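Engineer: Using my numbering, you'd call the opening residue of the sequence shown number 1236 and step up by one each time. Just so it is clear, CB atoms sit at the ideal spot from N, CA and C, and this is done for glycine as well. None of the values given here were measured: they were computed from a predicted structure.
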Amino acid sequence: MLRIWAEQVRSGQPMSYHLSLGIFGGPNGRDRRILENLISELNEREMNNTM
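1. So within the segment 1239-1279, which uninterrupted beta strand (DSSP E) runs reach at least 3 residues, ignoring any that extend past its ends?
2. If I'm right that residue 1266 touches residue 1260 with Cβ under 8 Å, what's the distance once you round it to whole angstroms?
3. Just tell me which of 1241, 1252, 1264 has its CA closest to the CA of residue 1275.
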């Protein structure tokens, strides 16, 4: 996964939601649900702060 992350950084493109989950979701996606919840919460807080 480190190689995939490094290629993404080198490309200069923003990382997609699904790629983020794949890279940072832990071995075999073990922590994917936790990461999904975190991203959802951060997005919700960001929306509430901008209004």
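Structural biologist: Quick look at the numbers:
1. Qualifying beta strand (DSSP E) stretches: none in this window.
2. Between residue 1266 and residue 1260, the beta carbon gap of about 6 Å places them in contact (Cβ cut-off 8 Å).
3. When 1241, 1252, 1264 are compared, the shortest CA-CA separation from residue 1275 is found for 1252.
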